[in-house]
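**Q** Going letter by letter, the sequence shown gives residues 22 to 382 in our numbering. What follows is a single structure, and I will ask about it in a moment.
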Amino acid sequence: MASIILYCRPGFEKECGAEIQEKAAWNEVYGYLELKKNQGLVYFHLNVAEEGDKLLSEMPLRRLIFARQWFLSVVEKLDLPDYNRVEAITEALGTDWQYADLRMEMTDTNDGKELSKFCRKLAVPLRQALRKSGALTEKGDNDGAILHALFLSGNEVILGYSYAHNSSAHVMGIPRLKFPNAAPSRSTLKLDEAFLYFIPRDEWDERLTSGLKAVDLGSAPGGWTYQLVRRGMMVTAIDNGPMAESLMETGQVKHKMMDGFKYTPMKQNNYWLVCDMIEKPQRVAKLMAEWLLKGYCKEAMFNLKLPMKGRYQQVNEDLQTMKDMFSHYNVKYELFAKHLYYDREEITVHARLLSPLPVID
Ligand SMILES: C[S@@+](CC[C@H](N)C(=O)[O-])C[C@H]1O[C@@H](n2cnc3c(N)ncnc32)[C@H](O)[C@@H]1O
Numbered sequence: 022m023a024s025i026i027l028y029c030r031p032g033f034e035k036e037c038g039a040e041i042q043e044k045a046a047w048n049e050v051y052g053y054l055e056l057k058k059n060q061g062l063v064y065f066h067l068n069v070a071e072e073g074d075k076l077l078s079e080m081p082l083r084r085l086i087f088a089r090q091w092f093l094s095v096v097e098k099l100d101l102p103d104y105n106r107v108e109a110i111t112e113a114l115g116t117d118w119q120y121a122d123l124r125m126e127m128t129d130t131n132d133g134k135e136l137s138k139f140c141r142k143l144a145v146p147l148r149q150a151l152r153k154s155g156a157l158t159e160k161g162d163n164d165g166a167i168l169h170a171l172f173l174s175g176n177e178v179i180l181g182y183s184y185a186h187n188s189s190a191h192v193m194g195i196p197r198l199k200f201p202n203a204a205p206s207r208s209t210l211k212l213d214e215a216f217l218y219f220i221p222r223d224e225w226d227e228r229l230t231s232g233l234k235a236v237d238l239g240s241a242p243g244g245w246t247y248q249l250v251r252r253g254m255m256v257t258a259i260d261n262g263p264m265a266e267s268l269m270e271t272g273q274v275k276h277k278m279m280d281g282f283k284y285t286p287m288k289q290n291n292y293w294l295v296c297d298m299i300e301k302p303q304r305v306a307k308l309m310a311e312w313l314l315k316g317y318c319k320e321a322m323f324n325l326k327l328p329m330k331g332r333y334q335q336v337n338e339d340l341q342t343m344k345d346m347f348s349h350y351n352v353k354y355e356l357f358a359k360h361l362y363y364d365r366e367e368i369t370v371h372a373r374l375l376s377p378l379p380v381i382d
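Okay, here's the thing in structure tokens:
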């Protein structure tokens, strides 16, 4: 049996499972789900094992909202002895395939955290042994296959691979970001991660550079504004709540105490619209599409809050609202959504238009 193993935020296994099952079916790949509740793990057991590789290489991981990372199993649940674990793993892998890198992984849970020390210790001799056997290539190859060793305990591991070009570059799909002490709220990490995830690094000089103008809806106390300010942008911050003094002192922030749904910019000179208002997601999605269609901003990065129940369905409806609005005006667009590591009960969405502005009556 072959399975695609997906990592998500613990508690979101149902959404992650529903999504892989639906999107795999669009590619005519079928299987059944095994959800590891509150462990952030989903197994999608494939009806036809050979179809796993095609799905893994051809269906963009970026299209999955709830999955942080994925891989295709090669060795399902290898029982490890108390000694000679390195030998057992090396033997189980054989030498038929070569991998460009090794990821030692565990679940994003307290049990997983306990295992991380054990994994770190095992990584060095395992890497060496795999290099010697030829399973691991000498140097990291960015286009190659990544070997994932998912440790469920010290005595149980799942081995598999993902393709570097279609998987997260981070172990378990989790970027570890440092909280900047000068930021006024922890929310700052959400926008930091969003820029890292959605905007390719070689485009930062153009799309995330100093001098750009930005609007931040629902800005207080200023964690998101901080990310814009530190990149040298000029920010209009909209919130009835107070903004951190330290941000106002930079001279880069104009604060307007008003409703984010009522604010309209005077000029079409804003590049970014960011929005973290705790509001109904349908309302926010509609507002974001309107800003883009009216040319009030070039790119939008925003959060959509998730309901307690029917989360996957709600997300699809919110995104569909935006797609319908873009289609109505016949514009090409880019629209990606992800449940990022620093997101909790919300997802992050990035949207921009790729064709000239429509004429809106
Ligand atoms: C999660 S907090 C934003 C945190 C902020 N992004 C940060 O990093 O510090 C949500 C904010 O949205 C604001 N908000 C909610 N509804 C709003 C509305 N209709 N107009 C303006 N602000 C709104 C609230 O006042 C609150 O400050």
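For glycine and all other residues, C-beta sits at the position ideal for the given N, C-alpha and C. Being a predicted model, the structure only gives us computed values, none of them experimental.
Taking 7 Å as the cut-off, does the CB of Thr257 come closer than this to any heavy atom belonging to ligand 1?
**A** No, Cβ of Thr257 sits at least 7 Å from all heavy atoms of ligand 1.
**Q** In terms of alpha-carbon separation, which member of Leu238, Asp117, Ala372 and Ala190 lies closest to Lys283?
**A** Taking only the C-alpha atoms, the option nearest Lys283 is Leu238.
**Q** On the premise that Leu62 lies in contact with Gly38, defined as a C-beta separation below 8 Å, what is that separation, rounded to the nearest angstrom?
**A** The Cβ separation is near 10 Å, so there is no contact.
**Q** Measure the beta-carbon distance from Trp118 to Ala156 and round it to whole angstroms, keeping in mind my assumption that it falls under 8 Å.
**A** With a Cβ gap of about 7 Å, Trp118 and Ala156 count as contacting.
**Q** Given a cut-off of 8 Å, decide if Leu77 and Ile25 are closer than it, judged by their beta-carbon atoms.
**A** Against a cut-off of 8 Å, the Cβ pair of Leu77 and Ile25 comes out as a contact.
**Q** Less than 8 Å between the beta carbons of Arg106 and His169, yes or no?
**A** Going by C-beta atoms, Arg106 is not nearer than 8 Å to His169.
**Q** What whole-angstrom Cβ distance do Tyr362 and Arg89 have, given they're in contact under 8 Å?
**A** 7 Å between Cβ atoms; contact.
**Q** Examine ligand 1 and report whether any of its heavy atoms sits within less than 7 Å of the Cβ of Leu217.
**A** Leu217 Cβ: outside cutoff for every heavy atom of ligand 1.
**Q** Does DSSP classify Arg251 as helix, strand or coil?
**A** Of the three classes helix, strand and coil, the one that applies to Arg251 here is coil, per DSSP.
**Q** Distance, Cα to Cα, Asp122 vs Pro302?
**A** Straight-line Cα distance between these residues: approximately 39 Å.
**Q** Hey, could you find the ends of the alpha helix (DSSP H) Thr111 is sitting in?
**A** Unbroken alpha helix (DSSP H) run through Thr111: Arg106 to Leu114.
**Q** Quick check on the DSSP output: what are the complete alpha helix (DSSP H) runs of length 4 or more inside the stretch 183-239, in order along the chain?
**A** You should have 209-219 and 225-228.
**Q** Say the cut is 7 Å; is the CB of Thr111 nearer than that to a heavy atom of ligand 1?
**A** Flag unset: Cβ of Thr111 not near ligand 1.
**Q** Looking only at C-alpha atoms, which of Pro205, Gly262, Leu325 and Ala241 sits nearest to Arg365?
**A** It is Leu325 whose Cα lies nearest to the Cα of Arg365.
**Q** Taking the alpha-carbon positions, what's the Pro263 to Val336 distance?
**A** Roughly 30 Å separates the two Cα atoms.
**Q** In terms of DSSP beta bridges, what is Asn68 paired with?
**A** According to DSSP, Asn68 bridges with nothing at all.
**Q** For Met346, which three-state DSSP category applies?
**A** If DSSP states are grouped into helix, strand and coil, Met346 belongs with the helices.
**Q** What does the alpha-carbon distance come out to for the pair Asp314 and Met80?
**A** Looking at the sequence provided, one finds Leu at residue 314 rather than Asp. In a straight line, the C-alpha of Leu314 is about 29 Å away from that of Met80.
**Q** Is the beta carbon of Cys318 sitting closer than 8 Å to the one on Asn351?
**A** Not closer than 8 Å, so no.
**Q** For Ser174, report the span of its beta strand (DSSP E) as first-last.
**A** Ser174 -> beta strand (DSSP E) spans Ala166 to Ser174.
**Q** Closer than 7 Å: is that where the CB of Ala298 sits relative to any heavy atom of ligand 1?
**A** Per the sequence shown, residue 298 should be read as Met rather than Ala. Indeed, a heavy atom of ligand 1 lies less than 7 Å from the Cβ.
**Q** Cβ-heavy atom distance between Ser267 and ligand 1 below 7 Å?
**A** False, no ligand heavy atom lies under 7 Å from that Cβ.
**Q** At a cut-off of 7 Å, is Pro302 close to ligand 3 when judged by its beta-carbon and the heavy atoms of the ligand?
**A** By its list of ligands, the structure shown excludes ligand 3, since it contains just ligand 1.
**Q** Classify Arg332 as buried or exposed, calling it buried when 16 or more other Cβ atoms lie within 10 Å of its own Cβ.
**A** So Arg332 counts as buried.
**Q** Check whether the Cβ of Glu369 sits closer than 7 Å to any heavy atom of ligand 1, and report yes or no.
**A** Note on residue identity: the sequence assigns Thr, not Glu, to residue 369. No, ligand 1 has no heavy atom inside 7 Å of this Cβ.
**Q** May I ask you to report which of helix, strand or coil DSSP gives Ile41?
**A** Reduced to three states, the DSSP call for Ile41 is helix.
**Q** Of all the options Thr271, Val236 and Val274, which has the alpha carbon lying nearest to the alpha carbon of Met309?
**A** With distances taken between Cα atoms, Met309 lies closest to Val236.
**Q** For Leu101, collect the residues of the same chain with a Cβ closer than 8 Å to its Cβ; drop the 5 residues on either side in sequence, then sort them by chain order.
**A** These residues qualify, in order along the chain: Ala109, Ile110, Gly175, Asn176, Glu177 and Val178.
**Q** Could you give the C-beta distance for Gly165 and Tyr28, rounded to a whole number, given that I count them as a contact under 8 Å?
**A** About 20 Å; that fails the 8 Å criterion.
**Q** Apart from the five residues just before and just after Lys359, which ones in its own chain have a Cβ nearer than 7 Å to its Cβ?
**A** Taken in chain order, the residues that qualify are Ile86, Tyr218, Ile368 and Thr369.
**Q** Just checking Thr209 against ligand 1 - is the residue's beta carbon closer than 7 Å to any of the ligand's heavy atoms?
**A** Indeed, a heavy atom of ligand 1 lies less than 7 Å from the Cβ.
**Q** Kindly indicate which three-state DSSP category Gln334 falls into: helix, strand or coil?
**A** Of the three classes helix, strand and coil, the one that applies to Gln334 here is helix, per DSSP.
**Q** Pick out whichever of Thr271, Leu356 and Phe172 has its Cα sitting closest to the Cα of Ser137.
**A** For Ser137, the nearest C-alpha among the options comes from Phe172.
**Q** Beta strand (DSSP E) containing Glu135: first to last residue?
**A** Segment Asn131 to Ser154 is the alpha helix (DSSP H) holding Glu135; no beta strand (DSSP E) there.
**Q** Within the continuous beta strand (DSSP E) that includes Leu56, where are the two ends?
**A** Start and end: Gly52 to Lys57.
**Q** Which class does Trp118 belong to by DSSP, given the choice of helix, strand or coil?
**A** Of the three classes helix, strand and coil, the one that applies to Trp118 here is coil, per DSSP.
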